[in-house]
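Chemist:
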Amino acid sequence: MDSFLYDDIAKIQRENWEYRRAGCSKREHISLTLELEESKKIIEHLKIDNRNLRENDYKLKILENELIQLRNKYDNLVKINSNLNLVLDSHQLLKGEHSKIIEANLFKVLNDWIKDTKNTFFTLLYRASDNDYNSTTFHNKCDSKGPTITIIKAKSGEIFGGYNSQSWNSDNKMFGDNKCFIFTLVNRHGIQPTKYTTSKGGCVGGYAICGPYFSDIRIYKKESTIQIFPSEFSDTTSKGRSTLTPIDKFILQDYEVYQCLKSL
């Protein structure tokens, strides 16, 4: 638009000069001069408007960036609040001593796997490293205590375990139902925490010379423990025998057994 006005002014100036040269009337000359001045004013106003537009555009970009930062802060606060609630919920599920194997927030995961309509409260019954990995002590502390969950850590770093929906015993035979499951929490494949179920019963063993015994995970001694997953439990993540640990026979670092009590 500026270029058109400049062209008009140039035209008016030429016409003004022609009028003066041709001896035009004073009135006509004044009219052209006023028109020229008015055009100059319009150009100045346009320049000011253009500067204001650029300034407003700059301010708008600043406001947009501030809005993005505020949204990011809000999203982070929502995430932090969600994590805090998860930690609080997890700590409320733990009764007594906390785990030396997993963080408290993972008990919320275990609870979600176990619960039907009520929350599960976890109470530590047995920690292998505190009891010389003794299977007799395991049975003394865990038999006849109702449902339990066993959390196992291999020396190579993997964390996994199993849920027994019934009481442990020393009857030297298999028992259990299809509510029992095993799970992985930390593994070499980067699989997210996953539980593996069975449609069969009889996948848990109550053997006096063993610690926790699931068909696919069998704790004998610290240096002699095996896993043969998938055997009775379904492999839904398709990593086969190396899902829980890289090799079948592994060395225990520790394991914990928690009593699972339903809320009232």
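With UniProt numbering applied, the sequence shown closes on residue 264, and no number is skipped along the way.
The beta carbon of each residue, even a glycine, is placed where N, CA and C say it ideally should be.
Do Gln-253 and Ala-154 come within 9 angstroms of each other at the CB atom, strictly closer than that value?
Modeler: Cβ atoms of Ala-154 and Gln-253: closer than 9 angstroms.
Chemist: What is the residue span of the beta strand (DSSP E) that Ile-226 lies within?
Modeler: 224-227 is the extent of the beta strand (DSSP E) around Ile-226.
Chemist: Can you give me the Cβ contacts of Lys-222 inside the same chain, cut-off strictly under 6 angstroms, excluding the 5 residues immediately before and after it?
Modeler: Tyr-133, Leu-252.
Chemist: Could you name the residues of the same chain whose beta carbon sits closer than 7 angstroms to that of Ser-170, not counting the 5 residues immediately before and after it, in chain order?
Modeler: Around Ser-170: His-139, Asp-143, Gly-206, Ala-208.
Chemist: Using the beta-carbon count (16 or more within 10 Å), is Asp-49 buried or exposed?
Modeler: Exposed, by the Cβ-count rule.
Chemist: For a quick check, are the C-beta atoms of Thr-148 and Gln-259 less than 9 angstroms apart?
Modeler: Against a cut-off of 9 angstroms, the Cβ pair of Gln-259 and Thr-148 comes out as a contact.
Chemist: What number of angstroms, rounded off, separates the C-alpha of Lys-173 from the C-alpha of Leu-106?
Modeler: Going from the Cα of Lys-173 to the Cα of Leu-106 covers about 31 angstroms.
Chemist: If we call anything under 9 angstroms between Cβ atoms a contact, is Lys-262 one with Thr-120?
Modeler: Against a cut-off of 9 angstroms, the Cβ pair of Thr-120 and Lys-262 comes out as a contact.
Chemist: State the Cα-Cα distance for the pair Gly-176 and Gly-201, rounded to the nearest angstrom.
Modeler: Each residue's Cα considered, the two are about 5 angstroms apart.
Chemist: Give me the residue from Lys-179, Ile-226, Val-109 with the minimum Cα distance to Cys-203.
Modeler: That would be Lys-179, whose Cα lies nearest to the Cα of Cys-203.
Chemist: For Trp-113, which residues of its own chain have a beta-carbon under 8 angstroms away from its beta-carbon, when the five flanking residues on both sides are left out?
Modeler: Hits under 8 angstroms: Tyr-163, Phe-181, Phe-183, Lys-195.
Chemist: How big is the Cα-Cα spacing for Asn-111 and Lys-95?
Modeler: Asn-111 and Lys-95: Cα-Cα distance of roughly 13 angstroms.
Chemist: Name the two residues that bound the continuous beta strand (DSSP E) containing Ile-219.
Modeler: First-last of the beta strand (DSSP E) with Ile-219: 217-221.
Chemist: Under the three-state reduction of DSSP, which class applies to Gly-211: helix, strand or coil?
Modeler: Coil, per DSSP.
Chemist: Give the DSSP bridge partners of Ala-154, in chain order.
Modeler: According to DSSP, which records beta bridges pairwise, Ala-154 is partnered with Leu-252.
Chemist: Can you tell me whether Gln-227 is buried or exposed? The criterion is at least 16 other CB atoms within 10 Å of its CB, across all chains shown.
Modeler: Burial call: buried.
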